[in-house]
Amino acid sequence: MIESNLAGGSEGDHKRILEQHAAYLLANSRFDVDMLEGIWSASPEATFFNLNGHTYVGKNQWRRLWKFYVDKLETGEWVPYDMGGVVSGDVAVVWCHRKTTVRWIGSGPGPENLRLDDDYVSRSTMVFRREDDDWRVVHVHFSEASDASRPGGV
Numbered sequence: 009m010i011e012s013n014l015a016g017g018s019e020g021d022h023k024r025i026l027e028q029h030a031a032y033l034l035a036n037s038r039f040d041v042d043m044l045e046g047i048w049s050a051s052p053e054a055t056f057f058n059l060n061g062h063t064y065v066g067k068n069q070w071r072r073l074w075k076f077y078v079d080k081l082e083t084g085e086w087v088p089y090d091m092g093g094v095v096s097g098d099v100a101v102v103w104c105h106r107k108t109t110v111r112w113i114g115s116g117p118g119p120e121n122l123r124l125d126d127d128y129v130s131r132s133t134m135v136f137r138r139e140d141d142d143w144r145v146v147h148v149h150f151s152e153a154s155d156a157s158r159p160g161g162v
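The sequence shown lines up with residues 9 to 162 when you count with the numbering used here.
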């Protein structure tokens, strides 16, 4: 399992949350909607901010997105690093950077709002909530990391 720096919660919580995080990265690399069932919350308030810049509300919208992408978009392994987070009661937040490559294999041009055919780093924040004695994702926010100089040299 990847090294992480989670604060709060129990070792059992950390283990399961990190298992769910790793399962999501694997499912995402395959656009495996069946695997997503055990990871994403079915709660209607679950909201997901995708790397493509769009917002998806509810697990079914995310499933529809993956069904669209499955034969059009190919990703490499999503390799997390700089993992951290907090666990408090029935809520946990996990953040990390992720390395990957995304390639358009569909017919015609790929979406304008995705970085394609290039290795890059994205940032991930995932919010987990304990539901029925397991940890489920109720919110994500993915964005591309910048490789430009930091303002003010910070």
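Heads up, the beta-carbon is just placed ideally off N, CA and C, and yes, glycines get one too.
key: DSSP beta-bridge partners of residue 150   = 132
| task | Let me know if residue 76 comes out buried or exposed under the rule of 16 or more other beta-carbons within 10 Å of its beta-carbon. | result | An exposed status is given to residue 76, since fewer than 16 other beta-carbon atoms sit within 10 Å of its beta-carbon.
Measuring straight from C-alpha to C-alpha, what distance separates residue 161 and residue 139? 43 Å
### Simplified DSSP state of residue 38, which is helix, strand or coil
helix
| Coarse secondary structure for residue 112, derived from DSSP in three states | strand
Counting only runs of 3+ residues fully inside the region 27–111, write out the beta strand (DSSP E) ranges in chain order. Runs of the beta strand (DSSP E) inside the region 27–111: 55–57, 63–65, 81–83 and 87–96.
Problem - Stretch-stretch touch, CB-based, cutoff 8 Å, three pairs: the region 90–101 with the region 61–76 - result: no
Run of the beta strand (DSSP E) containing residue 121, from where it starts to where it stops: From DSSP, residue 121 is part of no beta strand (DSSP E); its letter is neither H nor E.
For residue 140, which of helix, strand or coil comes out of DSSP? Residue 140 falls in the coil class under three-state DSSP.
Integer Cβ distance of residue 28 from residue 150, believed to fall under 8 Å:
Contact flag wrong, Cβ pair sits at about 16 Å.
- Query: Should the region 125–135 be called in touch with the region 97–107, which here means at least 3 C-beta pairs below 8 Å?
  - Reply: yes
Review point. Where do the N-terminal and C-terminal ends of the beta strand (DSSP E) with residue 15 fall, by residue?
Key: 13–15
Original post:
What is the rounded straight-line gap between the Cα of residue 58 and the Cα of residue 36?
Top reply: When rounded, the distance between both Cα atoms is 12 Å.
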